[in-house]
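Q:
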Ligand code: HEM
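In the working numbering, the protein residues as written are 1 to 418.
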């Protein structure tokens, strides 16, 4: 190579650049497969981080003690000035950015509210929201309008359910989808300063809202997570500061609906594109409607609504023979791990009978999704009621994906009900 010849791009890095392009993000699965074949663990100087696509390597990163979250330490080093962003400070001081001992303390305060028994109490309300949404879809169809899954079904059910648990009144929900969607860009790789400014402005509304709601609920407590956390805060300020209380509520509420709504939408599209598997679902619904867990796991494996998450190497570490230096930001492509043939035979085939799937779409380890049981409950109610009422549901146009891998969802999914 002569001095002025550009250095060749490593093939794995070329795949990564392609994966982060708008086209790569629209359908990342072929890119994941090529990248995994080249390097299930890739440390890239060109992209400034480590990238994991293999299932075993992903498990090692997510459950090992040598990796922590991307939080204050990483931002101080890599994104000086991040403390000027209320969004980054709030989100990365909360559960997602916390390491121990803070993570155990914060998670301990909310874990009970999201265990399977507690969550079951919200099922009748989720069922009611689903029936209401299906009525609205029928009204649209009767008028000759296209029924849209995200806006008419997935978001109203997912947002209404988490709002009930947290304690946000239904009449306040209107602007939250827009605010949270804008704010969600912080989880994507390489956020532009303009997008961050827009996200900050949106999230300030969320934080202001929760500050006001905490003040209101303090005077008149209810039977919800908000009131329970206010009681903890007021009884023992060492366990939860006022700022942590607001950050935690905003984060849980924000995490609780775009993700689930995304999985509902992705699943409707997947099932429409795999009529043989829709028939399998119909037979499960007819014969064993309470045995939907493997179906939901497989839908999440095949086309999950969270495709990637981030960690930082806390010390020098070796994963599958690849050296990852301390401090390296590490992206785990959950969606790629979920299509690893070494773990899932014939991984690109949707198989609702797949046993013991254990996909990573809800994460793994100490940061495993707090709302996993809730997400499953919502999926159960929606799948049962949607396909029970409209067994011949089909796509009535091309679904449109939103850009982004962290939140991987559809903007619109037009369907015909008959
Ligand atoms: C299908 C729907 C959902 C998906 C795909 C999903 C996905 C995930 C994933 C992958 C993680 C781990 C992130 C990491 O390790 O960095 C996570 C964590 C989390 N999820 Fe979910 N989630 C869903 C639904 C929900 C719901 C309904 C809630 C509402 C409570 C929720 C709240 C959270 C919270 C608070 C965390 C952080 C937990 C921690 O750091 O300890 N999620 N989720």
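Positions of the beta carbon are idealized from the N, C-alpha and C atoms, including for glycine.
Considering only residues of the region 113–152, which uninterrupted alpha helix (DSSP H) runs meet the minimum length of 4 residues and lie entirely inside it, listed in chain order?
A: The qualifying runs are 116–120, 123–142.
Q: Would you please state the rounded distance, in angstroms, between the beta carbons of residue 87 and residue 209? I believe it to be under 8 Å.
A: About 14 Å; that fails the 8 Å criterion.
Q: For the 8 Å Cβ check, are there 3 or more pairs between the region 370–383 and the region 290–309?
A: Taking 8 Å as the limit for Cβ pairs, the verdict is that the region 290–309 does touch the region 370–383.
Q: Between which two residues does the alpha helix (DSSP H) carrying residue 411 extend?
A: Segment 410–412 is the beta strand (DSSP E) holding residue 411; no alpha helix (DSSP H) there.
Q: DSSP puts residue 68 in a beta bridge; with which residues?
A: The partner list for residue 68 (beta bridge, DSSP) reads 312.
Q: Give me the residue from 156, 243, 14, 360 with the minimum Cα distance to residue 92.
A: Comparing Cα positions, the closest option is 243.
Q: At a cut-off of 8 Å, would you count residue 227 as near the ligand HEM, judging by its Cβ distance to the nearest heavy atom?
A: No, since every heavy atom of the ligand HEM falls outside the 8 Å radius drawn around the Cβ of residue 227.
Q: With respect to 8 Å, is the separation between the Cβ of residue 410 and the closest non-hydrogen atom of the ligand HEM below this value?
A: Result no, Cβ not under 8 Å from the ligand HEM.
Q: Quick check: the Cα distance between residue 1 and residue 205, rounded to an integer number of angstroms?
A: Annotation note: pLDDT 43 at residue 1 (below 50); position unreliable, coordinate value reported separately. Going by the C-alpha atoms only, they are around 54 Å apart.
Q: Helix, strand or coil, according to DSSP, for residue 44 in the structure here?
A: Residue 44 falls in the strand class under three-state DSSP.
Q: So within the region 213–284, which uninterrupted alpha helix (DSSP H) runs reach at least 4 residues, ignoring any that extend past its ends?
A: Counting whole runs of 4 or more residues, the region 213–284 contains the alpha helix (DSSP H) stretches 225–235, 242–255, 258–273.
Q: Give the DSSP-derived three-state secondary structure of residue 160 in the structure shown.
A: Looking at residue 160 - three-state DSSP - the assignment turns out to be helix.
Q: How about residue 103: is its Cβ closer than 8 Å to a heavy atom in the ligand HEM?
A: Yes, the Cβ of residue 103 comes within 8 Å of a heavy atom of the ligand HEM.
Q: Does DSSP put residue 395 in a helix, a strand or coil?
A: Reduced to three states, the DSSP call for residue 395 is strand.
Q: So what does DSSP say about residue 422, is it helix, strand or coil?
A: Limits of the chain in this structure are 1 at one end and 418 at the other, which puts residue 422 out of reach.
Q: Which whole-angstrom value describes the C-beta separation of residue 114 and residue 370, a residue pair presumed to lie in contact below a C-beta threshold of 8 Å?
A: Between residue 370 and residue 114 the Cβ distance is about 5 Å, and since that is below 8 Å, they are a contact.
Q: For the region 89–115, list the alpha helix (DSSP H) runs that are entirely contained and at least 4 residues long, ordered along the chain.
A: Taking only runs of at least 4 residues, the alpha helix (DSSP H) segments lying wholly in the region 89–115 are 102–110.
Q: I'd like to know whether the C-beta atoms of residue 310 and residue 330 end up nearer to each other than 9 Å.
A: Yes, these two residues count as a Cβ contact at 9 Å.
Q: Can you have a look at residue 116 and say buried or exposed, based on whether 16 or more other CB atoms are within 10 angstroms of its CB?
A: Under this definition residue 116 is an exposed residue.
Q: Reducing DSSP to helix, strand and coil, say where residue 1 ends up.
A: For residue 1, the predicted model reports a pLDDT of 43, less than 50, meaning its position is unreliable and no value from the coordinates is stated.
Q: Based on the DSSP output, what are the partners of residue 400 in its beta bridges?
A: The partner list for residue 400 (beta bridge, DSSP) reads 412.
Q: For residue 288, is the classification buried or exposed, using 16 other Cβ atoms within 10 angstroms of its Cβ as the cut-off for buried?
A: The residue in question, residue 288, is exposed, as its Cβ has fewer than 16 Cβ neighbours within 10 Å.
Q: Put residue 176 into one of helix, strand or coil per three-state DSSP.
A: Here residue 176 sits in helix by DSSP.
Q: Would you grab the beta carbon distance between residue 156 and residue 196 for me? Rounded to a whole angstrom, and I think it's under 8 Å.
A: 29 Å between Cβ atoms; not a contact.
Q: Would you check if there are 3 or more beta carbon pairs closer than 8 Å linking the region 361–370 to the region 383–392?
A: The answer is no - the region 383–392 does not touch the region 361–370, with fewer than three Cβ pairs under 8 Å.
Q: Work out the CA separation of residue 188 and residue 20 for me, nearest whole Å.
A: Near 10 Å, if we compare the C-alpha coordinates of residue 188 and residue 20.
Q: Hey, is residue 259 close to the ligand HEM, as in C-beta under 8 Å from one of its heavy atoms?
A: Yes - the ligand HEM has a heavy atom lying nearer than 8 Å to the Cβ of residue 259.
Q: Rank 169, 74, 405 by C-alpha distance to the C-alpha of residue 18 and give the top, closest one.
A: Looking at the Cα atoms, 405 is the closest of the given residues.
Q: In the DSSP assignment, the alpha helix (DSSP H) including residue 29 goes from what residue to what residue?
A: Residues 29–38.
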